[in-house]
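Structure first, commentary second.
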Amino acid sequence: MTITTSPIRLVILDDHPIFLRSFDVLCAGEQGLTIVGKFQHSRELINWLRISHCDVLVLDYILQNDEMDGLSLIKHLLLHFPYLRILLSTSVDSLAVIRAAYMLGVRGYLSKREEAATYVSAIRTLANGQRYVPQHIAEGLTQVPLRKNDEEIAHGIYLPQGEALMPVKLLTPREAEVVNCYMEGMEIPEIAAKLKRSRKTVSGHKQSAMKKLGICSDLELFKYRKDLFK
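Counting in the working numbering, the sequence shown runs from 177 upward without gaps.
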């Protein structure tokens, strides 16, 4: 591995001014980190990338309502700027969403709750051409299905870019059918009657689907519906 010796050119996209400001403080105390761009809107970032470059892009997953959703933005950026090393920085904690982001081509993920030193470590890791996968994410990926790809992500092995395997594709047809009915507002007894299956079977399909998606609660299932079921 070639270690980066020149200053790391860092760009941040985040719609929270205080978070952008925090990177000024972070980089002021770190040798070799230089902020070359800070943006609150994706269109500003995209215009900048057309004429400039960076070593690492710290990308907020959830932007304002008039922006593309997180996975669509990642896909758009890597389609047009495939060299980008994206560090996803977000409060999103859904393993299914994080997995999908890695499979689209992001190089690292960090929770916004992490300490500054962890951010520095992750940024330097990406700048040196490696993936950054937090330990708890690596462990989570080995506990749910999608064996081959999850193991590759967990161990930092490069995955060729291309169409992402969206989380819903992890489900069997019966699991997907039950979850879609549930997302439409149907209760377990109603789904059972509609699909002509027992309540126990329907409930089992729902629980199995949530486990595969890395979803722990009904609230989380609805919260990330847009990202899980495109």
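Ideal placement from N, C-alpha and C gives every residue a C-beta, glycine not left out.
Residue i - DSSP class collapsed to helix/strand/coil
i    : result
L253 : helix
T210 : strand
R373 : coil
S384 : helix
I391 : coil
R289 : coil
L186 : strand
F195 : helix
G284 : strand
Proximal residues to residue i (C-beta, below 7 Å), its chain only, five neighbours per side dropped
i    : result
K288 : S265, T266, S267
R401 : M359
S218 : L189, L239, E243, M244, L249
G208 : P183, I184
S384 : E351
Y237 : G246, L264, T266, V268
Backbone CA spacing between residue i and residue j [nearest angstrom]
i    : j    : result
A298 : G205 : 16 Å
I274 : C230 : 23 Å
Y308 : L280 : 15 Å
N223 : S270 : 30 Å
E220 : L263 : 18 Å
N356 : A276 : 19 Å
S379 : S248 : 31 Å
C392 : S182 : 43 Å
S198 : E363 : 45 Å
L196 : G361 : 39 Å
Y278 : P310 : 12 Å
P365 : L395 : 19 Å
R226 : R300 : 24 Å
G316 : P349 : 24 Å
K372 : M386 : 21 Å
N241 : E351 : 31 Å
L253 : E290 : 25 Å
A292 : T377 : 47 Å
K251 : D200 : 28 Å
A272 : Q306 : 22 Å
Beta-carbon contacts of residue i that lie in its chain and below 6 Å, excluding the five residues immediately before and after
i    : result
R121 : In the structure as shown, the chain begins at 177 and stops at 406. Residue 121 is therefore absent and cannot be evaluated.
Q216 : D191
Sequence-distant residues of the same chain with beta carbon closer than 8 Å to residue i, five excluded per side
i    : result
S228 : V212, G213
H256 : I222, L225
R375 : I364, P365, A368
K370 : C357, M362
F398 : M359
Beta-carbon separation (whole angstroms), residue i vs residue j, contact threshold 8 Å
i    : j    : result
V354 : H381 : 4 Å
L202 : Y295 : 7 Å
T210 : I184 : 7 Å
heavy atom of the ligand GDP below 7 Å from residue i C-beta
i    : result
G361 : The ligand content of the structure shown is nil, which means the ligand GDP is not present either.
#### Entry: Inside the segment 218-276 only - alpha helix (DSSP H) runs reaching at least 4 residues
For the segment 218-276, whole alpha helix (DSSP H) runs of length 4 or above, ordered along the chain, are 218-225, 246-256.
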